[in-house]
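Numbering (this note's numbering), first residue to last: 13 to 411. Here a beta-carbon is modelled for each residue, glycine too, at the ideal position from N, C-alpha and C. Bear in mind the structure is a predicted one, so any value in this text is a computation, not a measurement.
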């Protein structure tokens with residue numbers, strides 16, 4: 013009898029796709045009549061479904077191949093288009109193929125910005141019929157607390173970068189000490205996720221947490237954590253989806269060999285990364301664009317460290333995510349950068365951002381002399397810290 017029960021439990025993830033459809037019924041109190049409601053999977057930015065609130069109620073019907081985290085966004089404020097989502101009410105919901113009910117007061121629901129900055133209060137939304145949602149909330153209690161500590165450490169770094177009007181930024185050493193605290197807080201998050209996976213190898217919540225944080229692990233760690241999942245997860249649709257994500261992210265994770273790509277330089281000459289990378293020097297790939305304010309704000313410091321460390325062998329390649337050649341070249345001329353400037357002029361519609369696994373800029377990837385990725389965080393004080401580690405301290409009185 014025990015063997016039968018165990019066999020049945022192991023089959024559940026494999027048979028999940030044969031289960032009933034999901035029904036999500038929402039009851040919203042307050043001034044929500046006629047408001048648009050959007051349903052998205054956090055694993056795919058494409059819209060899954062949309063509806064409107066009618067008589068204080070909305071409903072979604074569908075089917076998932078495996079339980080996964082969705083976002084329900086209510087377009088409370090006009091304009092009601094999707095580019096205003098950060099300020100709109102959002103409910104994270106672990107969706108399973110079953111009948112799920114939720115209820116909330118519209119004005120009390122956290123915004124997307126609140127949820128994504130770990131300020132979600134689950135007590136403001138009542139959810140019934142979604143047992144994995146409760147597991148997700150339990151996981152998030154510790155996860156959000158650790159992320160809050162990381163955010164607080166980052167706030168200190170922002171203060172270092174922007175000390176205020178008529179105030180001078182602190183020494184290089186202060187910035188390095190600050191980012192070291194951020195890295196410690198980040199590592200605590202990654203250790204928690206890794207431990208959760210190892211302690212819950214058959215959990216869909218663990219699968220979601222791994223996907224969410226995967227790009228922060230090294231290629232070796234990614235392989236180890238994937239192997240930590242149980243056979244029933246690995247052989248399920250969730251496991252197959254996870255394997256696809258692992259294959260994609262591993263290509264440009266820390267410790268992996270760089271991925272080659274073709275561009276044109278500012279003079280229109282064809283260029284490949286392999287023409288410059290893996291030739292015995294450290295090479296920084298700086299992904300930026302003419303329209304990216306934070307990218308351009310970093311350039312003066314990058315120019316400064318380039319002058320200091322280029323003679324020691326430090327190389328930089330700026331890769332523009334523009335789609336306008338005119339605007340790209342105009343920005344290059346304005347910034348007067350001395351190093352190689354390239355672009356495929358496809359912005360985020362091309363393969364480059366998917367290949368190097370980023371959806372925002374600035375993104376900085378340091379590649380070692382052997383062609384392996386050393387770090388995916390090479391901005392500001394992180395760059396200063398790494399350059400001192402590699403070449404020694406050349407900041408002199410600024411340190």
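| Check | Outcome |
| --- | --- |
| Backbone CA spacing between residue 156 and residue 283 [nearest angstrom] | 43 Å |
| Which of helix, strand or coil DSSP assigns to residue 366 | helix |
| Which of helix, strand or coil DSSP assigns to residue 35 | strand |
| For residue 405, the three-state DSSP class (helix, strand or coil) | coil |
| Three-way DSSP call (helix, strand, coil) for residue 249 in this model | helix |
| Inside the stretch 110-188 only - beta strand (DSSP E) runs reaching at least 3 residues | 111-117 and 137-140 |
| Proximity of residue 127 and residue 102 at Cβ, strictly below 7 Å | yes |
| Residue 314, DSSP secondary structure in three states | helix |
| Close Cβ partners of residue 70 (< 6 Å) along its chain, the five nearest in sequence each way excluded | 38, 49 and 63 |
| Three-way DSSP call (helix, strand, coil) for residue 92 in this model | With a pLDDT of 49 at residue 92, under the threshold of 50, the predicted position of this residue should be treated as unreliable, though the coordinate-derived value follows. Residue state, collapsed to three classes: coil. |
| First and last residue of the uninterrupted beta strand (DSSP E) at residue 55 | Note, residue 55: premise wrong, no beta strand (DSSP E); not H, not E. |
| Three-state secondary structure assigned by DSSP to residue 332 | strand |
| Closest by C-alpha distance to residue 108, when choosing among 76, 333 and 306 | 76 |
| Per DSSP, cross-strand counterpart(s) of residue 48 | 64 |
| Where residue 285 falls, given that 16 or more other Cβ within 10 Å makes a residue buried | buried |
| DSSP state of residue 209 mapped onto helix, strand, coil | helix |
| Cα-Cα separation, residue 7 to residue 327 | Nothing in the structure corresponds to residue 7, since the chain is present only between 13 and 411. |
| Whole-angstrom distance between residue 190 and residue 55, CA atom to CA atom | 32 Å |
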